[in-house]
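First to last, the sequence lines map onto chains A and B. So the first sequence is numbered by this note's numbering: it starts at 301 and just counts up by one. So the second sequence is numbered by this note's numbering: it starts at 301 and just counts up by one. Read the structure below first, then the notes.
Number of protein chains: 2
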Amino acid sequence: MTIKLTQTVKKGGCAAKVPALVLREILGGLRFPPVIPGVEVDGANFDDAAIFKISDDVALVQTLDFFTPIVDSPYDFGAIAAANALSDVYAMGGTPKTCMAILAAPLAVLEPAVIQAVLQGASDVIAQAGASLVGGHSIDDDTLKFGLSVTGLVHPQKVWINSLAQVGDKLILTKPLGTGTICAGMKRQDIDESRAHAAISSMKRLNNVQDFLTPDELGQIHAATDITGFGLLGHGSQLAKASGVTLHISATALPVFDLTYECLGQGFLTKAHRSNDEYTQKRVSFGTQVTELQKLLSFDPQTSGGLLLSVSAQSADGIIEALRDHFPGTCVVGEVRAKSSLDVYLE
Amino acid sequence: MTIKLTQTVKKGGCAAKVPALVLREILGGLRFPPVIPGVEVDGANFDDAAIFKISDDVALVQTLDFFTPIVDSPYDFGAIAAANALSDVYAMGGTPKTCMAILAAPLAVLEPAVIQAVLQGASDVIAQAGASLVGGHSIDDDTLKFGLSVTGLVHPQKVWINSLAQVGDKLILTKPLGTGTICAGMKRQDIDESRAHAAISSMKRLNNVQDFLTPDELGQIHAATDITGFGLLGHGSQLAKASGVTLHISATALPVFDLTYECLGQGFLTKAHRSNDEYTQKRVSFGTQVTELQKLLSFDPQTSGGLLLSVSAQSADGIIEALRDHFPGTCVVGEVRAKSSLDVYLE
């Protein structure tokens, strides 16, 4: 019998993240270790990764991500987990270099070959990123979890941080939304994996936009974040808050998979749909035209979602043109305006 | 009611590691990503951490470790997990700089305050190491797991790798053995945590031997490894194999906690005692004088165990003198001899 990984866990992928509000409570009273010289970005602004400056020319971009299976195929799961972890380095403008594996596996249930397939999926994506797998840690656990700690390099002057979105920028999203609801449908076995091919391919895709843009175009990207567990509105509002701006996003412009609205319409939801709603409640406003399904879409927790790029208005078309072949669905989804009382308007 | 963390998990600490033989089967057929320029040490020699060279003067030391509670106090658990993860950087001769947290927690069972205490214990140890906490990832999971991904810096010419132990070296162990059996006793609630104070303090202690040695003394350390889940013989045989030498270790010289032999004698064992035995079976020989309890000790899986240092014979006394105040029990446990058919003789 072929093992169906999603049936071995209660909730999958980024939907299993600790909800942002709970995280805030846990971290609230924590006395953090002092910030040492060289640390230029830490967790304070919800950036995707940390920046540690080694010299005037070199900084480390560091991130870590892991989760439970969101697809049944072990190979695809490993590939998605790797692409998802590597994404945070790309979201900071960095180039991934070294990866360490985080593996928790039920040894009594999963054959070594299954675990090896997970690692192979990850290894192939790491190879594609031009990085190496240099170590890791594995434990025997009740349910499968896999992910990576990734270190990349970036020039300290060329980091895409959350706080530099500029009024007048266009917002580009590089992958369709909907992986949360589609994976929920697969987990319920209401959606066959063969129908979810586009979503699975998208989750396995590296967010290596740098590889397809000219230095000029890269210079027009002012800020970036990748859309993962907190959904478009969660990550969007973090970017808005850090930059002191307000994002205006068009609900009808949002790229989706063929299956996305079907799955949302069927009520294939995760706990994160609700917690992302709660998290952004006081920071987001919905236009009167926005439908209930579009609201759910904006809360949909993405696994290995696309980058949300804040780019100078005049460069947006060229960047989309350059990316579209490799990132199907890439389009302008909104713009950056002066700070109002809220972080994001979905209109 | 105060929560007893060890009662929330089936097995704790490094004892929950995937057994070395299973790991070998999983990794055996894996097609790893290519090793990119700069990667000087990866997993191939079972080194404690990876080395990635950034320039002629700077290399990264990278490691990652996490596990389930081995003590009941959330603060102590966090502190131990942090010291254990940081240890691998010290074992390579490096200085820790950035840490990222790996957290899996049962949100329905553990209050935020408990999770915060875990993070506080870790934060305080990270601060003591002079490093920063720059990020991490947290998921909702059935059982608590915590650890760190750590990056340190080291001069590329001053790395303590596994493969440079020299014939004639003395072997120094910097912490007493026995945390595996003592933690097993605590988990069974047969050993009260108040009696295990020395072992808990030892596990919380940083392996920062560098901070107490002169550059001359540091130059006399040819190879090092930290003793963790695979026990003294497991990690010892990895070092022997990598260096092409044989270790001769004296069973009576091994430093232990007051409780160690009592706990081993009571049969407080973990699965790792057996799997470490299996792992080293064909690579280790026991002298006729070695007792059954000493054999068990040599397989005892350590959590945040000491460093095994291979140092030039004439420097051993000075190094022990310099370390003894901060590392109670530090002593010579054996020596390095020319390669024979086996990796380690316990005599």
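Glycine included, C-beta positions come from ideal geometry on N, C-alpha and C. Owing to the predicted nature of the structure, the values given are computational and were not obtained by experimental measurement.
(1) Taking 6 Å as the limit between beta carbons, can you name the residues of its chain near Ala-379 of chain A, skipping five residues before and five after?
(2) Quick check on DSSP: helix, strand or coil for Met-392 of chain A?
(3) Output needed for Met-301 of chain B: all residues of its chain with C-beta closer than 8 Å, excluding positions within five of it in sequence on either side, in chain order.
(4) Cβ closer than 9 Å: which chain A residues qualify as neighbours of Val-339 of chain B?
(5) If we define contact as Cβ-Cβ less than 8 Å, is Lys-317 of chain B a contact residue for chain A?
(6) Helix or strand or just coil, what does DSSP make of His-626 of chain B?
(7) Nearest to Lys-595 of chain B by CA position, among B:Leu-609, B:Leu-608, B:Glu-578, B:Thr-603, is which residue?
(8) DSSP three-state call for His-455 of chain B: helix, strand or coil?
(9) In the DSSP assignment, what residue or residues form a beta bridge with Val-341 of chain B?
(10) Who are the near neighbours of Lys-304 of chain A in its chain, counting only those whose CB is closer than 6 Å to its CB and skipping five residues on each side?
(11) Which whole-angstrom value is the C-beta distance of Pro-406 of chain A and Asp-357 of chain A, which I expect to be below 8 Å?
(12) Note down, in chain order, all residues in the segment 449–478 of chain A with a beta-carbon under 7 Å from any beta-carbon belonging to chain B.
(13) Listing by chain order, which chain B residues have their CB less than 9 Å from the CB of Lys-445 of chain A?
(14) In whole angstroms, what is the alpha-carbon distance linking Asn-384 of chain B and Asn-507 of chain B?
(15) Check the Cβ of Leu-419 of chain B against every Cβ in chain A and list those closer than 8 Å, keeping chain order.
(16) Quick one: which chain B residues come within Cβ less than 7 Å of Ile-380 of chain A?
(17) Note down, in chain order, each residue of its chain lying with its Cβ closer than 6 Å to the Cβ of Ile-402 of chain A, except the 5 sequence neighbours on either side.
(18) Which runs of the beta strand (DSSP E) at least 3 residues long sit entirely within the segment 541–574 of chain B? Give them in chain order.
(19) Taking Phe-366 of chain A as the query, report the chain B residues whose CB atoms sit under 9 Å from its CB, ordered along the chain.
(20) Measure the C-alpha to C-alpha separation of Ser-537 of chain B and Thr-479 of chain B and round it to an integer number of angstroms.
(21) How about the segment 427–434 of chain B and the segment 391–401 of chain B: do they share at least three Cβ pairs that are nearer than 8 Å?
(22) Using C-beta distances below 7 Å, list every residue in its chain close to Leu-464 of chain B, excluding the 5 sequence neighbours before and after it, in chain order.
(23) Just checking: is the beta-carbon of Ser-502 of chain B within a distance shorter than 8 Å of some beta-carbon in chain A?
(24) Give me the chain A residues within the contact set of Gln-510 of chain B, using Cβ-Cβ distance strictly less than 9 Å, ordered along the chain.
(25) Is the segment 485–492 of chain B close to the segment 632–643 of chain B, with three or more CB pairs under 8 Å?
(26) Does any residue of chain B have a CB that is nearer than 8 Å to the CB of Gln-538 of chain A?
(27) Which residues of chain A have a Cβ atom closer than 8 Å to the Cβ of Thr-528 of chain B, listed in chain order?
(28) Going along the chain, which residues of its own chain have a beta-carbon closer than 8 Å to the beta-carbon of Ala-320 of chain A, five neighbours each way excluded?
(29) Taking the CB atoms as reference points, tell me whether Val-590 of chain B and Leu-646 of chain B lie closer together than 8 Å.
(30) For Phe-599 of chain B and chain A, any beta-carbon pair shorter than 8 Å?
(31) How would you call Lys-582 of chain B, buried or exposed, if buried means at least 16 neighbouring beta carbons within 10 angstroms?
(32) So, are the CB atoms of Ala-359 of chain B and Trp-460 of chain B less than 8 Å apart?
(33) Go to Thr-479 of chain B, then tell me how far its alpha helix (DSSP H) extends in each direction, as first and last residue.
(34) With DSSP collapsed to three states, give me the class of Ser-640 of chain A.
(35) Identify whether Asp-600 of chain A lies in helix, strand or coil by the three-state DSSP scheme.
(36) Start and end of the alpha helix (DSSP H) containing Ile-370 of chain A?
In short:
(1) Gly-421, Val-425, Lys-504
(2) coil
(3) Confidence in Met-301 of chain B is poor, its pLDDT being 49 and thus under 50, which makes the residue's placement unreliable; the coordinate value appears in the next sentence. Contacts found: none.
(4) Lys-397, Thr-398, Ser-432, Val-434
(5) yes
(6) coil
(7) B:Glu-578
(8) coil
(9) B:Ile-351
(10) Asp-372
(11) Between Asp-357 of chain A and Pro-406 of chain A the Cβ distance is about 45 Å, and since that is not below 8 Å, they are no contact.
(12) Ser-449, Thr-451
(13) Ala-404, Ile-439, Asp-441, Lys-445
(14) 9 Å
(15) Ile-326, Leu-327, Leu-330
(16) Result: empty, since nearest Cβ-Cβ is about 15 Å, beyond 7 Å.
(17) Phe-366, Gly-447
(18) 545–549
(19) Ile-402, Ala-404, His-437, Ile-439
(20) 20 Å
(21) yes
(22) His-522, Ala-523, Ser-543
(23) no
(24) Within chain A, no residue comes near Gln-510 of chain B; the closest Cβ sits about 17 Å away, beyond 9 Å.
(25) no
(26) no
(27) None at all; the shortest Cβ gap to chain A is about 10 Å.
(28) Phe-530, Gly-534, Ser-575, Asn-576, Tyr-579
(29) yes
(30) no
(31) exposed
(32) no
(33) 479–487
(34) coil
(35) coil
(36) Premise fails: Ile-370 of chain A is in no alpha helix (DSSP H) and is neither H nor E.
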